[in-house]
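> In this note's numbering, the protein residues as written are 607 to 1200. The structure follows.
Structure follows, in structure tokens:
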């Protein structure tokens, strides 16, 4: 992508802060007008005051110079404050926009994205955009305005010397442009590498228990070091490029000063130029060199900003594959009838994982999903709340095609409790009220009691205000599940999606969870990924899936009589539950080698 459209779009982000931006650029004009006037005042002091040996004129002129300097500093303060406020506003808006977009994008986008890449764009890339919409664009404008103004003033004073003074400017502009062209692709590669480094660090922190459990600390250190070494090499190459270009631009600028002093000195000696005019010339050139030399820093910043903008706009321009259809209506409160009609689904361009699945769940039924890994159970429960859309067929809730209702109204009536419980690093109270922020204290406690969670929550140091660790790490597996059940109870949905996973908890905790689940499922249409025979026996409808196809349906007793595949799966479940211990010298679950 060309850098110009990206930079124009970045500049467009300042529109909501147009008044502040206009004020900053107005201050820039005033500052440059003062900068152009001050060398003329210096010229007056040298030629008339000092040259004319007039102490009074010198005093008055110096006082006027002081006033102009104070006024210039005041305008500089306002310019800096307004520019920074506007650019911080741009960063604020961008971070909100990125977070809003990520929250709205479908699961298919998140499946393809790396956490570190997204974090880098939301933090580091946004900061680069903040800089270029603030100081970078302002400094470029400052350099252009000052260059044009100075060229006019120099030409007015002495055209020949002005041509000599400005002779190096085209060379400097060419070098700055060439530097920008070389830097932008380098910056893009560096920012991608930073994202890879962030991803590696984030994965190591998130999976630190697995890393330590498998004694892979040294291997992960080496992997991180390789990515870090790659980043170091890229940064080293960038530093070398800037180390050459920065001093080169400075050398070209200093050559202009040398030419002016040499040519101007010769004119003064011959009487064609006054000493005050020469001083004014060198002052103008000194003022001009500072912003032009800044191009050595601004051009890399613009290159970084263009690369950062390209990466940010990649996220903001993504159209979610799952979104509200035009004219979508809110789903009214439902009874809970769910119908799949010829539903097929494939992830991306892969092989179908569901093939023409058709069934109907009546309101209040418990529907158990049974099948080996990869049979399509998880896909069924992901399609109901529209985490993904079917590639063929349709899903109806109380006769409403779920693609014709708003996502928010559909998901408001769906509750989910899975084996991998997600809790947030905040208080238990906030976790419980996550699905219903308006829930009262009594409702929250009633839900916790029903989920068998109130007792252990009350025993904590701060009760419901106890802050739990990231992903609920300070709670046991059973406690996390009961908090998740209470959270869903408080939401009070009509449709439930459950992963009936209690194999990882002890017998006492399993019983508490089952009692909580019984209360949760009462009167609600529930879809349960069956892990235990007890769940299958209690289900009103069992769906047996194999390689994405629905091969059998019915109650436990019916399927035992009619489906050999179901009987085989049940025997496998019974064997897993029984888990008979082996003879001495072999592995015993929970005890290690005998």
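Built from N, CA and C at the ideal position, the CB exists for glycine as well.
(1) Just to confirm, are residue 1156 and residue 959 a CB contact at a threshold of 8 Å?
(2) Would you mind listing the alpha helix (DSSP H) stretches within the stretch 1028–1065 that are 4+ residues and don't spill past its ends, in chain order?
(3) Whole alpha helix (DSSP H) runs in the stretch 1121–1157 with 4 or more residues, listed along the chain?
(4) Quick one: measure Cβ to Cβ for residue 1122 and residue 1103, integer angstroms, because I've assumed they're closer than 8 Å.
(5) CA-CA distance, residue 628 and residue 665?
(6) Do residue 752 and residue 638 have their C-beta atoms within less than 8 Å of each other?
(7) Applying the 10 Å Cβ sphere with the 16-neighbour rule, what's the burial state of residue 1048?
(8) Report buried or exposed for residue 688, applying the criterion of at least 16 other Cβ atoms within 10 angstroms of its Cβ.
(9) Along the chain, where does the beta strand (DSSP E) that runs through residue 974 open and close?
(10) Is the number of C-beta pairs between the stretch 1019–1032 and the stretch 740–755 that are closer than 8 Å three or more?
(11) Considering only their Cβ atoms, is the gap separating residue 944 from residue 990 smaller than 8 Å?
(12) Is the CB-CB distance between residue 701 and residue 724 below 8 Å?
(13) Could you give the DSSP three-state label for residue 758: helix, strand or coil?
(14) How many angstroms separate the CA atom of residue 863 from the CA atom of residue 789?
(15) Mind checking whether residue 1034 and residue 1072 have CB atoms under 8 Å apart?
(16) Suppose the cutoff is 6 Å on Cβ atoms and the five residues either side in sequence are ignored; what does the same chain contact list for residue 636 look like?
(17) CB residue 696 to CB residue 919, shorter than 8 Å?
(18) Can you tell which of 716, 874, 939 has the C-alpha that lies nearest to the C-alpha of residue 953?
(19) In chain order, what residues of the same chain lie with their CB nearer than 7 Å to the CB of residue 1127, ignoring the 5 residues before and after it?
(20) Compute the Euclidean distance between the alpha carbons of residue 929 and residue 1004, then round it to the nearest angstrom.
(21) Rounding to the nearest angstrom, what Cα-Cα distance links residue 1150 and residue 1125 in this structure?
(22) CA-CA distance, residue 617 and residue 739?
(23) Kindly indicate the opening and closing residues of the beta strand (DSSP E) around residue 1000.
(24) Do you know offhand how far residue 769's Cα is from residue 881's?
(25) Would the stretch 672–680 count as touching the stretch 929–942 if we require 3 or more Cβ pairs under 8 Å?
(26) Taking only the alpha-carbon atoms, compute the straight-line gap between residue 610 and residue 646 and give it to the nearest angstrom.
(27) Quick one: what's got a C-beta closer than 6 Å to residue 873's C-beta in the same chain, skipping five residues either side?
(28) Please classify residue 1172: is it buried, with 16 or more other beta-carbons within 10 angstroms of its beta-carbon, or exposed?
(29) Report the option in 1050, 838, 942, 956 whose CA atom is closest to the CA atom of residue 1002.
(30) Using only alpha-carbon positions, find the residue among 893, 1170, 1148 that is nearest to residue 757.
(31) Would you check if the distance between the CB atom of residue 1095 and the CB atom of residue 1056 is smaller than 8 Å?
(32) May I have the straight-line CA-CA distance separating residue 1170 from residue 1016, to the nearest angstrom?
(33) In the DSSP assignment, find the alpha helix (DSSP H) that holds residue 665 and state where it starts and stops.
(34) So, helix, strand or coil for residue 1022, using DSSP?
(35) Relative to the alpha-carbon of residue 843, which residue among 1068, 803, 792, 806 has its alpha-carbon at the smallest distance?
In short:
(1) Working through the chain shown from its first residue, we reach residue 1156 at position 550. Working through the chain shown from its first residue, we reach residue 959 at position 353. In this structure, residue 959 does not lie closer than 8 Å to residue 1156 by Cβ.
(2) Segments of the alpha helix (DSSP H) lying fully in the stretch 1028–1065: 1034–1038, 1047–1056, 1060–1064.
(3) 1139–1144
(4) Within the chain shown, residue 1122 is the residue found at index 516, counting from 1. Within the chain shown, residue 1103 is the residue found at index 497, counting from 1. Rounded, the Cβ-Cβ distance is 16 Å, inconsistent with contact.
(5) For the purposes of this step, residue 628 is taken as the residue at position 22 of the chain shown. For the purposes of this step, residue 665 is taken as the residue at position 59 of the chain shown. The straight-line gap from Cα to Cα measures roughly 36 Å.
(6) Residue numbering aside, residue 752 sits at position 146 when the chain shown is read from its first letter. Residue numbering aside, residue 638 sits at position 32 when the chain shown is read from its first letter. Yes, the Cβ-Cβ distance between residue 752 and residue 638 is below 8 Å.
(7) Position 442 of the chain shown, counted from the first residue, corresponds to residue 1048. Classified as exposed, residue 1048 has fewer than 16 neighbouring CB atoms from the shown chains inside 10 Å of its CB.
(8) In the chain shown, counting from the first residue as 1, residue 688 sits at position 82. Buried is the call here.
(9) One-based indexing of the chain shown puts residue 974 at position 368. In the DSSP assignment, residue 974 falls within the unbroken beta strand (DSSP E) covering 972–976.
(10) no
(11) Sequence index remark: in the chain shown, residue 990 carries index 384 (1-based). Sequence index remark: in the chain shown, residue 944 carries index 338 (1-based). Cβ atoms of residue 990 and residue 944: closer than 8 Å.
(12) Taking the first residue of the chain shown as 1, we reach residue 701 at position 95. Taking the first residue of the chain shown as 1, we reach residue 724 at position 118. Result no, Cβ atoms of residue 701 and residue 724 do not sit closer than 8 Å.
(13) Reading the chain shown from its first residue, position 152 is the one you call residue 758. Looking at residue 758 - three-state DSSP - the assignment turns out to be helix.
(14) Counting from 1 along the chain shown, the entry for residue 863 is found at position 257. Counting from 1 along the chain shown, the entry for residue 789 is found at position 183. Taking the straight line from one Cα to the other gives about 28 Å.
(15) Position 428 of the chain shown, counted from the first residue, corresponds to residue 1034. Position 466 of the chain shown, counted from the first residue, corresponds to residue 1072. Result yes, Cβ atoms of residue 1034 and residue 1072 sit closer than 8 Å.
(16) Here residue 636 is taken as the residue at index 30 of the chain shown, counted from 1. Here the set comprises 681.
(17) Within the chain shown, numbered from 1, the residue matching residue 696 stands at position 90. Within the chain shown, numbered from 1, the residue matching residue 919 stands at position 313. Cβ distance not < 8 Å, so residue 696 and residue 919 don't count as in contact.
(18) Against the chain shown, residue 953 aligns to sequence position 347. Cα-wise, what sits closest to residue 953 is 716.
(19) Taking the first residue of the chain shown as 1, we reach residue 1127 at position 521. Hits under 7 Å: 972, 1102.
(20) Indexing the chain shown from 1 puts residue 929 at position 323. Indexing the chain shown from 1 puts residue 1004 at position 398. Taking the straight line from one Cα to the other gives about 20 Å.
(21) Along the chain shown, one-based indexing puts residue 1150 at 544. Along the chain shown, one-based indexing puts residue 1125 at 519. Their backbone Cα atoms lie some 26 Å apart in a straight line.
(22) Along the chain shown, one-based indexing puts residue 617 at 11. Along the chain shown, one-based indexing puts residue 739 at 133. About 6 Å.
(23) Residue numbering aside, residue 1000 sits at position 394 when the chain shown is read from its first letter. Segment 998–1003, the beta strand (DSSP E) holding residue 1000.
(24) Here the question's residue 769 lines up with position 163 in the chain shown. Here the question's residue 881 lines up with position 275 in the chain shown. Roughly 19 Å between the two C-alpha positions.
(25) no
(26) Against the chain shown, residue 610 aligns to sequence position 4. Against the chain shown, residue 646 aligns to sequence position 40. Each residue's alpha carbon lies about 38 Å from the other.
(27) Taking the first residue of the chain shown as 1, we reach residue 873 at position 267. Around residue 873: 879.
(28) Within the chain shown, the letter at position 566 stands for residue 1172. So residue 1172 ends up on the buried side.
(29) Start at 1 with the first residue of the chain shown, and residue 1002 comes out as number 396. The candidate whose alpha carbon is nearest that of residue 1002 is 942.
(30) Working through the chain shown from its first residue, we reach residue 757 at position 151. Looking at the Cα atoms, 893 is the closest of the given residues.
(31) The sequence position of residue 1095 within the chain shown is 489, counting from 1. The sequence position of residue 1056 within the chain shown is 450, counting from 1. Taking 8 Å as the Cβ cut-off, residue 1095 and residue 1056 qualify as a contacting pair.
(32) Position 564 of the chain shown, counting from 1, holds the residue named residue 1170. Position 410 of the chain shown, counting from 1, holds the residue named residue 1016. Each residue's Cα considered, the two are about 37 Å apart.
(33) In the chain shown, counting from the first residue as 1, residue 665 sits at position 59. Per DSSP, residue 665 belongs to the alpha helix (DSSP H) from 661–710.
(34) Taking the chain shown and counting its residues from 1, the one referred to as residue 1022 is at position 416. In this structure, residue 1022 counts as strand in the three-state DSSP scheme.
(35) To locate residue 843, count along the chain shown from 1; it is residue 237. Among 1068, 803, 792, 806, the Cα nearest to that of residue 843 is on 792.
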